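Chains A and B, in that order, are what the protein sequence lines are. Numbering (the working numbering) for the first sequence: 75 to 352. Numbering (the working numbering) for the second sequence: 75 to 352.
Number of protein chains: 2
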Amino acid sequence: MIRVAVVGLGQIGGSLAAALTRRRLARVVGVTRRAETARRARRMGILAEAGTALEAAAAADVTVLATPVRTLLRQIPGVASRARPGSLLTDVGSTKAEVCAAFRRARTEASVVAGHPMAGNERAGLDGCDPDLFEGRPWVLIAAPRTPRAARDRLERLVRGVGSRPVWMSDPIEHDLRVARISHVPYLLAYALARQPRDTLRVCGNSFRDATRVALSDVEMVLDFLLTNRGPVRRAALEMRGRFDELLRLLARGDERGLRARLREARSRRAGAPGGPG
Amino acid sequence: MIRVAVVGLGQIGGSLAAALTRRRLARVVGVTRRAETARRARRMGILAEAGTALEAAAAADVTVLATPVRTLLRQIPGVASRARPGSLLTDVGSTKAEVCAAFRRARTEASVVAGHPMAGNERAGLDGCDPDLFEGRPWVLIAAPRTPRAARDRLERLVRGVGSRPVWMSDPIEHDLRVARISHVPYLLAYALARQPRDTLRVCGNSFRDATRVALSDVEMVLDFLLTNRGPVRRAALEMRGRFDELLRLLARGDERGLRARLREARSRRAGAPGGPG
């Protein structure tokens with residue numbers, strides 16, 4: 075069995091450790107800053123070994139950096155320089171331009187593939203850990219220019235092994251824009267929606283609860299991806315505002331035909347999104 | 075057992091008929107335009123009788139108008155004038171100012187309470203019918219000025235009987251503004267969000283799916299509530315845009331402290347919304 079080091083046992087790192095361990099895909103070494111988290115993860119049976127020192131990563135066949143983006147940017151040089159020759163180094167950070175730049179600058183004898191599983195929910199840390207979290211979800215992979223085929227195949231096997239659907243991309247900036255559109259702007263909208271007068275909240279139904287669920291997420295994690303993705307988020311937010319304003323203009327004019335056409339188009343886009351209806 | 079006429083067997087009317095029938099709270103007469111819908115509802119066992127003529131409503135103790143808002147505005151005068159003296163007339167329309175005005179103008183010997191259950195999802199018609207749809211959901215009730223206490227109590231018992239939580243309000247305009255904030259603006263945002271490039275949709279995760287679920291709703295129903303609530307939707311949309319723009323400005327400046335404060339405040343509002351976390 076290959077040896078996988080998972081650095082950071084938040085919801086994504088913990089779920090990955092659980093999925094790899096439960097499905098007997100790897101011997102998982104968990105690395106975390108706090109000894110208590112390491113002990114708890116051991117008790118949960120989601121990893122084989124746990125430690126608080128990054129050195130553990132040096133002995134792994136695959137090292138997965140699963141700390142918040144701004145933390146992992148600081149960890150990359152040290153982990154990369156100590157990684158075993160021929161081993162594979164990857165991450166699960168939500169933004170990729172800064173991460174890929176840090177990987178490019180790092181000295182390493184490992185093969186590097188940046189990654190981003192489009193999974194997770196509002197439950198933070200080991201409490202939100204779920205071995206089936208990645209089931210059916212896309213996992214974006216961006217290989218560094220000289221990454222050998224064998225390394226890419228190895229990571230793809232692990233990603234498929236935990237139930238995810240690999241989506242290879244070449245441009246981290248394109249990734250960040252897509253993610254800004256599909257995830258970071260929805261987060262901002264959820265926060266803006268959730269700040270309602272308390273009287274108004276008394277009558278909230280399912281549509282409001284669905285639309286604002288991500289506002290329950292860990293605020294520090296959200297700050298992390300927003301602040302490492304400012305340009306793309308701004309661009310995606312302006313696109314969003316343009317579409318919202320167009321709907322408002324049609325409604326103000328009472329243009330039922332125009333509104334119907336836009337609503338139908340949006341409905342059919344949403345119905346065609348991967349993952350099926352609902 | 076009291077006799078309840080439900081006019082319109084869409085998701086809300088059908089679910090109400092099912093809830094009242096299954097819980098043995100009333101003998102339900104379903105009224106629908108299409109004979110096929112009436113037959114299907116009978117086969118589903120969610121009502122005692124079905125017909126296509128509004129006359130059926132005249133014999134009921136309680137008549138519930140559950141057609142789309144613009145249809146029910148047209149039905150109010152006829153149904154109200156034929157309702158039995160001492161019977162109760164109510165509706166489940168999503169906007170209330172125009173409905174309450176139509177009730178005020180109508181000649182009737184029935185007691186009138188306008189209503190709006192904050193329930194439902196993107197599944198339209200009898201396919202989306204669910205006897206537990208109202209469980210734990212708020213149901214806004216607005217009594218006409220001279221409605222006797224006994225009539226209000228009777229409706230409140232039915233509402234509680236199907237598992238809902240009555241929320242009495244006095245001002246239909248205040249209702250429409252709250253609903254614009256909590257429901258209609260979220261719908262518009264969902265449509266604006268869903269109109270993404272197809273490439274971008276390939277990487278969509280849960281946050282996007284939750285945020286855009288209502289864009290799968292029946293477009294005609296949505297047009298109905300948007301077009302009967304233009305003023306409040308516009309006001310709520312401007313409030314929303316103000317909060318969204320504030321978040322964007324803080325992000326553009328890299329103001330981590332300011333952003334954290336707004337995100338935390340929104341998170342705590344959402345966590346305190348009725349219905350529990352998640």
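Every residue gets a Cβ at the ideal spot worked out from N, C-alpha and C, and that includes glycine. From a predicted model like this one, the values you see are computed outputs, not experimental measurements.
Quick one, which of the options has its alpha-carbon nearest residue i's?
i, options, result
"Glu330(B)", "Met295(A), Gly332(A), Ala180(A), Asp329(A)", "Met295(A)"
"Arg252(A)", "Leu128(B), Thr182(B), Gln270(B), Val143(B)", "Gln270(B)"
"Leu162(B)", "Lys170(B), Phe177(B), Pro348(B)", "Phe177(B)"
"Gly84(A)", "Ala132(A), Ala184(A), Val153(A), Leu200(A)", "Leu200(A)"
"Ile76(A)", "Arg117(A), Ala112(A), Leu128(A), Ala122(A)", "Ala122(A)"
"Val81(B)", "Thr141(B), Phe282(B), Leu290(B), Leu321(B)", "Thr141(B)"
"Gly279(A)", "Arg211(B), Val288(B), Phe282(B)", "Arg211(B)"
"Glu110(B)", "Leu99(B), Val103(B), Ala124(B)", "Ala124(B)"
"Ala175(A)", "Val288(A), Arg226(A), Leu322(A), Arg148(A)", "Arg148(A)"
"Val293(A)", "Gly305(A), Tyr261(A), Arg323(A)", "Tyr261(A)"
"Gly305(A)", "Gly305(B), Phe318(B), Leu322(B)", "Leu322(B)"
"Leu337(A)", "Ala347(A), Val136(A), Glu320(A), Arg156(A)", "Glu320(A)"
"Arg309(A)", "Ile256(A), Arg117(A), Asp227(A), Leu99(A)", "Ile256(A)"
"Arg276(B)", "Ala347(A), Pro159(A), Ala335(A)", "Ala347(A)"
"Thr288(B)", "Arg344(A), Ala112(A), Arg101(A), Ala289(A)", "The sequence shown places Val at residue 288(B), rather than the Thr named in the question. Checking every option, the nearest Cα to that of Val288(B) belongs to Arg344(A)."
"Ala157(A)", "Glu172(A), Val136(A), Val173(A)", "Val136(A)"
"Ala132(B)", "Arg116(B), Ala112(B), Arg117(B), Gly160(B)", "Gly160(B)"
Within its chain, find whatever has a CB closer than 6 Å to the CB of residue i; leave out the 5 residues flanking it on each side and keep chain order.
i, result
"Phe208(B)", "Pro191, Ala193, Val236, Gly237, Ser238"
"Trp242(B)", "Leu215"
"Leu146(B)", "Leu139, Asp165, Gly167"
"Pro151(B)", "Ala180"
"Thr286(B)", "Ala264, Leu267, Ala268"
"Ala92(B)", "Ile120, Cys203, Pro205"
Under DSSP, the beta strand (DSSP E) around residue i begins and ends at which residues?
i, result
"Ala83(B)", "Inspection of the sequence shows that residue 83(B) is occupied by Leu rather than by Ala. Looking at the DSSP string, Leu83(B) is not in any beta strand (DSSP E), and its letter there is neither H nor E."
"Leu187(A)", "Just to set this straight, residue 187(A) is Val in the shown sequence, not Leu. Taken as a continuous stretch (DSSP letters only), the beta strand (DSSP E) holding Val187(A) covers 185–191."
"Asp165(A)", "162–165"
"Ile216(A)", "212–217"
"Arg223(A)", "No beta strand (DSSP E) contains Arg223(A), which is instead part of the alpha helix (DSSP H) from 223–235."
"Glu123(A)", "123–125"
"Leu139(B)", "136–139"
Taking all protein chains shown into account, decide if residue i is buried (16 or more other Cβ within 10 angstroms of its Cβ) or exposed.
i, result
"Leu312(B)", "exposed"
"Met314(A)", "buried"
"Glu246(B)", "According to the sequence displayed, residue 246(B) carries Pro and not Glu. Flag for Pro246(B) reads buried."
"Arg108(B)", "exposed"
"Asp273(B)", "exposed"
"Glu196(B)", "buried"
"Pro219(B)", "exposed"
"Gly87(B)", "buried"
"Ser291(A)", "buried"
"Asp227(A)", "exposed"
"Arg283(B)", "buried"
"Ala224(A)", "exposed"
"Ser89(A)", "buried"
"Ser244(A)", "exposed"
"Ser281(B)", "buried"
"Arg327(A)", "exposed"
"Arg317(B)", "buried"
"Ala100(B)", "buried"
"Arg72(A)", "No answer is possible for residue 72(A): the residues shown for chain A start at 75 and end at 352."
"Ala335(B)", "exposed"
Once the 5 residues before and after residue i are set aside, which same chain residues still bring their CB inside 7 Å of it?
i, result
"Leu325(A)", "Leu333"
"Arg144(A)", "Asp298, Thr302"
"Pro240(B)", "Trp213, Leu215, Glu230, Val233, Arg234"
"Val307(B)", "Ala254, His258, Val259, Leu300"
"Lys170(A)", "Ala188, His190, Ile216, Pro246, His249, Asp250"
"Gly349(B)", "Gly210"
"Ala112(B)", "Gly104, Thr106, Ala124, Gly125, Thr126"
Starting from the C-beta of residue i, find all residues in its chain whose C-beta is less than 8 Å away, skip the five residues before and the five after it, and write them out in chain order.
i, result
"Gly119(B)", "Thr95"
"Arg114(A)", "Leu200"
"Ala154(B)", "Leu163, Phe177, Ala180, Arg181, Thr182, Ala184, Val186"
"Ala127(B)", "Val105"
"Ala130(B)", "Ala79, Val103, Val105, Glu123"
"Arg97(A)", "Pro205, Gly235, Val236"
If I follow the unbroken alpha helix (DSSP H) through residue i, where does it start and stop?
i, result
"Val307(B)", "304–326"
"Pro151(A)", "143–156"
"Leu337(A)", "330–345"
"Cys203(A)", "Neither: Cys203(A) is in no alpha helix (DSSP H) and is coded neither H nor E."
"Arg178(B)", "171–179"
In chain order, each alpha helix (DSSP H) run of at least 4 residues that lies wholly inside the stretch 91–120 of chain B: You should have 109–118.
Segments assigned beta strand (DSSP E), at least 3 residues, entirely inside the stretch 224–296 of chain A: Here the runs fully enclosed are 239–242.
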